[in-house]
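Enquirer: There's a structure below that I have some questions on.
There are 2 protein chains.
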Amino acid sequence: MDGLHETMQAVCLRRVPQGMPQAQDFELRQLPLPTPGDSQLRIQVQWLSLDPFLRAQLGGRYAVPCPPLGSIVPGYGIGTVLEDRSGRFAVGEVVSGLTGWAEQAVLDAGTVSRVDATLAPISTAVGVLGIPGLTAWAGVRRILEPKPGQTLLVSTAAGAVGSVVGQLCGAAGCRVVGISGSAEKCAIATAEFGFDACVNYRDADFLQSLRAACPDGIDGYFDNVGGAVLEAALSLLNLHARVVLCGLSDQYNRAERPAGPNLGPVIGARARLEGLVVYDHLADFDLCRRELAAMIADGTLRYREHIHDGLASAPAGFIGLLNGDNLGKALVRL
Amino acid sequence: MDGLHETMQAVCLRRVPQGMPQAQDFELRQLPLPTPGDSQLRIQVQWLSLDPFLRAQLGGRYAVPCPPLGSIVPGYGIGTVLEDRSGRFAVGEVVSGLTGWAEQAVLDAGTVSRVDATLAPISTAVGVLGIPGLTAWAGVRRILEPKPGQTLLVSTAAGAVGSVVGQLCGAAGCRVVGISGSAEKCAIATAEFGFDACVNYRDADFLQSLRAACPDGIDGYFDNVGGAVLEAALSLLNLHARVVLCGLSDQYNRAERPAGPNLGPVIGARARLEGLVVYDHLADFDLCRRELAAMIADGTLRYREHIHDGLASAPAGFIGLLNGDNLGKALVRL
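Written as structure tokens, this is what we have:
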């Protein structure tokens, strides 16, 4: 297959997957060769990347909407330039971009990246040196900030993202514990990627094994899973631990979201949730009191008290507080 | 009642509350007057603080364990010094500390704070100028960091913490929206505490009203509740929004924890959960690639590829990836 053919093969979306995708959700079709416009280039695809986020996208749960039925399945690819109308690439150069599942692709030159074939095999441009690698790197460098001697926990430990997270944390001097979905993957995580331990979340004694692998708790956790795996990790958090919320593979194939607070919007918003325990801030008490007292004095801060009279009224006052009956700060006057 | 009496009244824990506390869980008893040891002082209690966290403590879900049956119910109080053996306080001075629900208390001098009666009425030492005020202040100043023009959402808006959070955010130039549990409390939040709007979470159209009150989404949320209220707030998060996880009043009175990820340990650990979307970090792609390529070159970073051959193998490869069958980065070679 080359640029002289008039058609190309492509895999198109036949129907929107329900639950786990089926082969019949996709269709191999013969399509006309795409033609580049100004500032576009035509690529002969050599490698396609298969990524879990595509499932979220096909379910309409991703930043980018689900493509229309009949269109080429979207995805990253790597290929060589067949034709360039942007003046920015040479024919034969290796590039990566959102080619989709097709033999050829036409892309805007601005959305295409050069692949440096001297760094590593070109297929790494969608793996360890591509978006999975950047995901791991950004999570470690920008959020986890691992310190020597800390314990870092990593889900999907043998995967494209998790394996890099684990190795970056190991290089930072951490004890690195992985979570994976089979004994084989756990063996890969420890033997190939240097994890100090790896626990199979499908094992019946998963929680027990995880605790045993993290005797000092965890100082950071990289989550690609959500659900029960996240729940287990949260139960091991040390003081001021950091958690990267990166994926929810636990729910990509479910028709219904699992119960409980949905952390999907937290990922989408790049939001930060932080636990507050007031006793950490006692050193600021004088500063706080001065500021608030000044605001009370100048009328910009109001307060309200709900007063119960006599020591014997304390239980009823407390019960009322829990019922939400009080209006303002609940107090007992002796 | 003064220091000359030989006994005092106290409210003691008769049994551990199950679900919503009952009056019979408590017992008013006559106890011997406590006697201060070295570096302690004896206090005549004038005000007792009633606080929701006590419910968590009585349920064994708090940093401080549940007190033994028969002992005085713990809690903050304010009173005057009757007798000082620390040499640090004068008789008659007003102080606050963990007096418990009793007419008198003996406390270590190091755990007692002077109350400045010139700042505001002394009862505020357990309210707006006490731990609730510090909680609000620390959440706003150290986590939310509200900016003018942002929308801030505050749960328990009419309460001792929420009312201060709202007013601090209002003073910072924000649109402030409250969540509360009755129409009366919502009216207090807007009329007394200056909230721009307040929504009753018990209303059938709560979610709809909340969305209407936050037409531009929310840039910060102070959560004292958890559960469905937190879930509603998360659905409104703007980019890089911040959430203070401070309380879980939704579950204090439940025998069983609600389903889904339990955020209790996140509060206890003062942990930080942060959403990561890799596309925010594209500017770092070159830096990341250089670092990772150098690690590949010197053998400290390994990767693994799971290769499927031919475009037609893409659907099966993708399905296998979602099944967890792949070992390493999933690729299709064309």
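Those sequence lines, one after another, are chains A and B.
Just so we're aligned, residue 1069 is where the first sequence starts under the numbering used here, counting upward by one.
Just so we're aligned, residue 1069 is where the second sequence starts under the numbering used here, counting upward by one.
C-beta atoms are modelled at their ideal positions from N, C-alpha and C, and glycine is treated no differently.
Any idea what DSSP makes of W1169 (chain A), helix, strand or coil?
Expert: In the structure shown, W1169 (chain A) sits in coil (DSSP, three-state: anything other than H, G, I, E or B).
Enquirer: When the Cα of P1142 (chain A) is compared with those of A:S1154, A:S1117 and A:T1148, which residue comes out closest?
Expert: Out of A:S1154, A:S1117 and A:T1148, A:S1117 has the C-alpha closest to the C-alpha of P1142 (chain A).
Enquirer: Straight-line CA distance for Q1218 (chain A) to G1168 (chain B)?
Expert: 39 Å
Enquirer: Between the alpha carbons of V1334 (chain B) and L1304 (chain B), how many angstroms are there, rounded?
Expert: 21 Å
Enquirer: Measure from the alpha carbon of V1099 (chain B) to the alpha carbon of each residue in B:P1089, B:V1163 and B:A1173, then state which is nearest.
Expert: Per the sequence presented here, residue 1099 (chain B) reads as Leu, with Val not at that position. Ranking the options by Cα distance to L1099 (chain B), first place goes to B:A1173.
Enquirer: Mind checking if F1386 (chain B) is an interface residue toward chain A, Cβ cutoff 7 Å exclusive?
Expert: yes
Enquirer: Whose C-beta lies closer than 6 Å to the C-beta of L1221 (chain B) among residues of the same chain, with five residues either side of it excluded?
Expert: Annotation for L1221 (chain B): V1245, I1286, Y1289 and A1301 place their beta carbon closer than 6 Å to its own, counting only its chain and skipping 5 residues before and after.
Enquirer: Does the Cβ-Cβ distance between V1400 (chain B) and A1382 (chain B) come in under 7 Å?
Expert: One thing to note: V1400 (chain B) has its Cβ within 7 Å of the Cβ of A1382 (chain B).
Enquirer: Who does F1290 (chain A) pair with in a DSSP beta bridge?
Expert: A:V1222 and A:V1312
Enquirer: Among B:S1107, B:T1192, B:I1190 and B:V1113, which one has its Cα closest to the Cα of F1157 (chain B)?
Expert: B:S1107
Enquirer: Using the beta-carbon of each residue, which ones in chain A are nearer than 9 Å to D1352 (chain B)?
Expert: L1202, W1205, A1206, R1209 and R1210
Enquirer: Quick check: is any heavy atom of the ligand GTP less than 6 Å from the C-beta of R1153 (chain A)?
Expert: For the ligand GTP, the structure offers nothing, since it holds no ligand at all.
Enquirer: Using the rule of at least 16 other Cβ atoms within 10 Å of the residue's Cβ for burial, across every protein chain shown, is A1041 (chain B) buried or exposed?
Expert: Residue 1041 (chain B) lies beyond the range of chain B shown here (1069 to 1402); nothing can be said about it.
Enquirer: To the nearest angstrom, how far is it from the Cα of A1078 (chain A) to the Cα of L1395 (chain B)?
Expert: Rounded to whole angstroms, A1078 (chain A) to L1395 (chain B) spans 25 Å at the Cα level.
Enquirer: Would you call G1227 (chain A) buried or exposed, if buried means 16 or more other Cβ atoms sit within 10 Å of its Cβ?
Expert: buried
Enquirer: Using only CA atoms, which one of B:N1306, B:V1311 and B:L1331 lies nearest to S1317 (chain B)?
Expert: B:L1331
Enquirer: I'd like the list of long-range same chain contacts for I1111 (chain A), defined as Cβ closer than 8 Å, with 5 residues on each side in sequence excluded.
Expert: G1145, G1147, T1148, V1149, L1150, V1163, G1165, T1167, Q1172, A1173, V1174, L1175 and V1180
Enquirer: Measure the Cβ-Cβ separation of I1247 (chain A) and A1225 (chain A) and say whether it is below 7 Å.
Expert: yes
Enquirer: Who does A1265 (chain B) pair with in a DSSP beta bridge?
Expert: B:V1245
Enquirer: Could you give the residue range of the alpha helix (DSSP H) that holds I1256 (chain B)?
Expert: A1251 to A1259
Enquirer: Go ahead and label M1088 (chain A) buried or exposed: buried means 16 or more other beta carbons lie within 10 angstroms of its beta carbon, across all protein chains shown.
Expert: Its Cβ having fewer than 16 others within 10 Å, M1088 (chain A) is exposed.
Enquirer: What are the uninterrupted segments assigned as beta strand (DSSP E) that are 3 or more residues long and contained completely in the stretch 1138 to 1220 of chain A, given in chain order?
Expert: 1145 to 1152, 1162 to 1165 and 1172 to 1176
Enquirer: State the start and end residues of the unbroken alpha helix (DSSP H) segment that holds Q1125 (chain A).
Expert: F1121 to L1126
Enquirer: Would you please verify whether the beta carbon of T1368 (chain A) is less than 7 Å from any beta carbon of chain B?
Expert: yes
Enquirer: Just confirm the distance between the C-beta atoms of F1261 (chain B) and G1241 (chain B), as a whole number of angstroms; I'd bet it's less than 8 Å.
Expert: Between G1241 (chain B) and F1261 (chain B) the Cβ distance is about 16 Å, and since that is not below 8 Å, they are no contact.
Enquirer: Could you work out which residues of chain A lie near V1334 (chain B), taking near to mean beta carbons separated by less than 9 Å?
Expert: Within 9 Å Cβ-Cβ: L1302, L1305, A1309, V1311, L1341, E1342 and G1343.
Enquirer: Taking the alpha carbon of L1389 (chain B) as the point to measure from, which residue in A:G1105, A:G1249, A:P1120 and A:G1388 has its own alpha carbon closest?
Expert: A:P1120
Enquirer: Less than 7 Å separating the beta-carbons of V1229 (chain A) and T1203 (chain A)?
Expert: yes
Enquirer: What residues in the stretch 1211 to 1227 of chain A bring their beta carbon closer than 7 Å to a beta carbon of chain B?
Expert: Cβ contacts with chain B come from I1211 and A1226.
Enquirer: Just to confirm, is the Cβ distance from H1374 (chain A) to A1339 (chain A) under 7 Å?
Expert: no
Enquirer: Closer than 7 Å, CB to CB, is L1278 (chain B) near chain A or not?
Expert: no
Enquirer: What residues of chain B sit near T1179 (chain A), judged by a beta carbon separation below 8 Å?
Expert: Correct list: empty, because the minimum Cβ distance to chain B is about 11 Å.
Enquirer: With a threshold of 6 Å on Cβ separation, who are the neighbours of A1177 (chain B) within its own chain once the five nearest residues in sequence on each side are excluded?
Expert: S1107, L1109, S1154 and R1156
Enquirer: In angstroms with no decimal places, state the Cα-to-Cα distance between P1133 (chain B) and L1126 (chain B).
Expert: 8 Å
Enquirer: Does DSSP put A1301 (chain B) in a helix, a strand or coil?
Expert: Of the three classes helix, strand and coil, the one that applies to A1301 (chain B) here is helix, per DSSP.
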